[in-house]
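Engineer: One structure, pasted below without further comment.
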Amino acid sequence: MKENDFVLNNLENVDPSPIAPRVCRCDCKLPFQPRRSDHEYINKKHGDKDYYEKVTKPKRKVRNEIEKIHRKNDSICRKYVQANNGNPVVRNWESIEADGLNHNYIQGTIEESEVKWVFTYNYMYTLFKEGEIIKIKIKKR
Numbered sequence: 189m190k191e192n193d194f195v196l197n198n199l200e201n202v203d204p205s206p207i208a209p210r211v212c213r214c215d216c217k218l219p220f221q222p223r224r225s226d227h228e229y230i231n232k233k234h235g236d237k238d239y240y241e242k243v244t245k246p247k248r249k250v251r252n253e254i255e256k257i258h259r260k261n262d263s264i265c266r267k268y269v270q271a272n273n274g275n276p277v278v279r280n281w282e283s284i285e286a287d288g289l290n291h292n293y294i295q296g297t298i299e300e301s302e303v304k305w306v307f308t309y310n311y312m313y314t315l316f317k318e319g320e321i322i323k324i325k326i327k328k329r
């Protein structure tokens with residue numbers, strides 16, 4: 189540790205200070221003498237680590253889970269289009285949904301000639317009814 193970190197090893201030999209000794213808020217729980225009243229961490233390194241563990245890491249975990257769903261949707265669309273030699277493909281919605289396509293996670297939408305297309309990363313699809321059956325048309329973007 190650096191000299192200016194003020195980590196307290198022996199709390200009995202502390203110089204008198206108007207601010208009482210504190211315990212670092214990060215997981216290290218080391219006691220230290222704060223330099224100001226709003227000083228919560230031993231140093232910036234401890235503050236950055238605590239922010240990463242409590243804020244950045246959970247956000248990243250959620251973002252990775254969402255991106256995983258987006259990648260899966262894109263790979264399902266790729267599977268059907270590649271099976272049709274790169275041409276647009278029409279299938280029953282229930283079979284595509286059973287494959288794992290999640291219609292709640294999309295990249296965006298566009299409306300062209302009264303047809304609403306939904307985007308994945310590299311593909312786009314639209315849902316339509318043919319009689320009582322819901323169908324899906326998938327094509328490359």
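Here this note's numbering is used: the first residue of the sequence shown is 189, the next is one more, and so on.
In this text, a Cβ means the ideal position worked out from N, Cα and C, and glycines have one as well.
1) How about His-258 and Tyr-313: are their beta carbons less than 8 Å apart?
2) If you drop the 5 nearest sequence neighbours on each side, which residues of the same chain put their C-beta closer than 7 Å to that of Lys-337?
3) Near Ile-284, what residues of its chain come up, given a Cβ to Cβ distance below 6 Å and the 5 sequence neighbours on each side ignored?
4) To the nearest angstrom, report how far apart Asn-280 and Lys-249 are at their CA atoms.
5) How long is the line joining the alpha carbons of Phe-220 and Val-211, rounded to whole angstroms?
6) What is the rounded straight-line gap between the Cα of Gln-270 and the Cα of Lys-245?
7) If you run the structure through DSSP and keep just helix, strand and coil, what is Lys-242?
8) Please go through the stretch 239-304 and give each complete alpha helix (DSSP H) segment of 4 or more residues, from N-terminal end onward.
9) For Lys-233, name the three-state secondary structure that DSSP assigns.
10) What is the C-beta distance between Arg-266 and Asn-310, in whole angstroms, given that I count them as a contact (C-beta under 8 Å)?
Structural biologist: Answer, in terms of the structure:
1) no
2) Residue 337 lies beyond the range of the chain shown here (189 to 329); nothing can be said about it.
3) Ile-324
4) 33 Å
5) 6 Å
6) 36 Å
7) helix
8) 245-271, 281-287
9) helix
10) 7 Å
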